[in-house]
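Written below as structure tokens is the structure these notes are about.
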Amino acid sequence: MRALAQSIGDNPGVAVALAALQWAVRLVAVVLVIATFNFVLVHAAPGDPAQVMAGQSGAADEELLRQLRAEYGLDKPYPVQLAIYLKRIVTLDLGYSYRQQRSVLSLIGERLPATLLLTCSAFLLSLAVGVSLGTLAGVRAGRWSDTALTIVSLFLYAMPVFWLGLMLVLLFSVHLDWLPAFGYVTIGVQMTPLERARDIAAHMVLPVVSLGAVHLAIYARLMRSAVIDVAHQDFIKTARAKGLKRGQIIIHHMLRNAVLPVVTVAGMQAGTLVGGAVVIETVFAWPGLGRLTFDAVLQRDYPLMLGIFLVMSVIVIALNLLTDAIYRIVDPRVSLRAAS
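Heads up: the sequence shown begins at 0 in numbering that gives the first Met the number 0, then just goes up one per residue.
This is the structure:
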């Protein structure tokens with residue numbers, strides 16, 4: 000065994016392959032555990048999908064309920080249903096939607112791009128603006144600009160997301176008529192690809208700002224504290240003693256070290272953006288996974304709910320893996336093995 004370990008260590012290609020295999024096994028195990036937890040949690044919620052479907056058809060007699068339960072496998076014991084569900088996941092089959100009468104995978108595939116566009120834009124906006132404002136507040140600590148940025152950050156952090164969205168609609172759509180209030184794109188209008196891109200961008204402004212406002216405040220406050228802490232380190236004093244300009248010190252020395260806590264929190268907060276999209280997509284009628292989740296919960300559409308929860312879980316896992324990789328880029332001293 001010792002000789003085998005030494006031979007693997009001497010061969011970088013084999014070591015990388017084994018590390019990738021280890022990550023893949025962990026990922027599959029985590030996804031299966033999350034899928035099991037989602038299944039138990041969803042089926043523990045009150046309500047019967049058979050009764051919902053029978054009520055929508057205008058009849059709810061026992062014979063119809065029995066047929067519906069048998070058709071969709073709801074009459075089987077929970078362990079059997081769980082085993083069938085996990086087997087489908089392994090084959091990338093997320094099931095069939097009771098209400099939509101379509102495969103869950105196709106429904107998610109239609110809505111996922113809109114959600115990713117919204118959440119990724121909100122994440123990048125909040126990260127860029129939050130880091131910039133936090134850096135400005137940190138290097139000007141104790142001045143009036145620092146106080147003003149602190150007040151704005153606390154105000155955004157304390158503000159409910161849905162209320163902010165409604166206020167932005169009231170101001171920029173109703174009173175000023177600058178931006179569209181709802182939807183993903185203007186319906187019934189013939190547009191060139193460039194015009195369509197501009198129209199989608201205009202529809203994105205309000206939901207992206209609403210979704211990213213809270214996270215922007217978090218990153219700004221965290222970055223301010225990190226900059227103030229790093230500014231008193233010895234290597235910053237050394238850089239000043241060497242005669243480096245203030246801008247060079249901030250960009251090349253201060254930011255590179257102060258941004259690490261922000262990267263950590265951003266990796267964890269990125270997953271909550273997907274959950275926050277449920278509220279924002281409902282407020283702005285955005286055709287993404289958030290609205291689809293809301294409808295699935297109301298309709299007790301178990302396969303659709305489980306499919307959405309699973310996809311969201313995989314996205315969160317992927318974001319955490321991406322955060323580990325970004326650590327190596329931001330600070331080469333941090334290895335991926337140590338981060339795991």
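For each residue, glycine too, the CB sits at the ideal point set by N, CA and C.
Could you pull the DSSP bridge partners for Ser-102 from this structure?
Taking the first residue of the sequence shown as position 1, residue 102 is located at position 103. Answer is Tyr-95.
Report yes or no: do three or more beta-carbon pairs, one from the stretch 228-236 and one from the stretch 145-155, lie closer than 8 Å?
Segments in contact, no.
Under a three-way DSSP split, which group does His-214 fall into?
Here residue 214 is taken as the residue at index 215 of the sequence shown, counted from 1. In the structure shown, His-214 sits in a helix (DSSP, three-state: H, G or I).
May I have the straight-line CA-CA distance separating Ala-338 from Asp-323, to the nearest angstrom?
As a working mapping, residue 338 is identified with position 339 in the sequence shown. As a working mapping, residue 323 is identified with position 324 in the sequence shown. Any reading at Ala-338 must be qualified, since the residue scores a pLDDT of 43, below 50, and its modelled position is unreliable; no value is offered.
Could you name the residues of the same chain whose beta carbon sits closer than 8 Å to that of Leu-309, not counting the 5 residues immediately before and after it, in chain order?
Against the sequence shown, residue 309 aligns to sequence position 310. Val-30, Ile-33, Ala-34, Asn-37, Ile-88 and Leu-93.
For Gln-189, which three-state DSSP category applies?
Here residue 189 is taken as the residue at index 190 of the sequence shown, counted from 1. Reduced to three states, the DSSP call for Gln-189 is coil.
Short of 6 Å in beta carbon distance, which residues of its chain neighbour Leu-132, apart from the five on each side in sequence? Order them along the chain.
As a first step, residue 132 is located in the sequence shown; it is residue number 133 there, counting from the start. Answer for Leu-132: Leu-148 and Ala-219, listed in chain order.
Tell me whether Trp-22 sits in a helix, a strand or coil according to DSSP, three-state version.
Counting from one through the sequence shown, the residue named residue 22 turns up at place 23. Helix.
When burial is assigned at 16 or more other CB atoms within 10 Å of the CB, is Tyr-77 buried or exposed?
Residue 77 sits at position 78 when you count from the first residue of the sequence shown. Label assigned to Tyr-77: exposed.
Buried or exposed for Gln-21, going by 16 or more other Cβ atoms inside 10 Å?
Taking the sequence shown and counting its residues from 1, one reaches residue 21 at position 22. Burial call: exposed.
Count Cβ pairs between the stretch 275-293 and the stretch 98-117 that sit closer than 8 Å; are there 3 or more?
The stretch 275-293 vs the stretch 98-117: in contact.
Could you check which residue in Thr-90, Gln-99 and Lys-86 has the C-alpha nearest to that of Ala-410?
No statement about residue 410 is possible, as the shown extent of the chain runs from 0 to 339 and does not include it.
Tell me whether the stretch 213-229 and the stretch 258-272 touch, counting them as touching only if at least three CB pairs, one residue from each stretch, are closer than 8 Å.
Verdict: yes, contact present.
Considering only their Cβ atoms, is the gap separating Val-27 from Gly-306 smaller than 9 Å?
Taking the sequence shown and counting its residues from 1, one reaches residue 306 at position 307. Taking the sequence shown and counting its residues from 1, one reaches residue 27 at position 28. No, they are not a contact pair.
Quick one: using the 10 Å Cβ neighbour count with 16 as the cut-off for buried, is Arg-25 buried or exposed?
Residue mapping note: residue 25 aligns to position 26 of the sequence shown, counting from 1. Label assigned to Arg-25: exposed.
Could you compute how far the alpha carbon of Met-158 sits from the alpha carbon of Ser-96?
Counting from one through the sequence shown, the residue named residue 158 turns up at place 159. Counting from one through the sequence shown, the residue named residue 96 turns up at place 97. Answer to the nearest angstrom: the Cα atoms are 36 Å apart.
How far does the alpha helix (DSSP H) with Ala-295 in it extend, from its first residue to its last?
Within the sequence shown, numbered from 1, the residue matching residue 295 stands at position 296. That run of the alpha helix (DSSP H) goes 288-297.
If you reduce the DSSP assignment to three classes, tell me which class His-174 lands in.
To locate residue 174, count along the sequence shown from 1; it is residue 175. DSSP places His-174 in helix when its eight states are reduced to three.
Alpha helix (DSSP H) containing Thr-149: first to last residue?
As a first step, residue 149 is located in the sequence shown; it is residue number 150 there, counting from the start. Per DSSP, Thr-149 belongs to the alpha helix (DSSP H) from 143-157.
Assuming contact is defined by CB atoms lying nearer than 9 Å, are Ile-279 and Phe-161 in contact in what I supplied?
Locating residue 279 in the sequence shown gives position 280, where the first residue counts as 1. Locating residue 161 in the sequence shown gives position 162, where the first residue counts as 1. A contact, by the Cβ cut-off of 9 Å.
Take Ser-152 as the anchor and find which of Leu-272, Met-304, Gly-211 and Ala-23 has the nearest alpha-carbon.
For the purposes of this step, residue 152 is taken as residue 153 along the sequence shown, with counting starting at 1. Measuring from the Cα of Ser-152, the nearest candidate turns out to be Gly-211.
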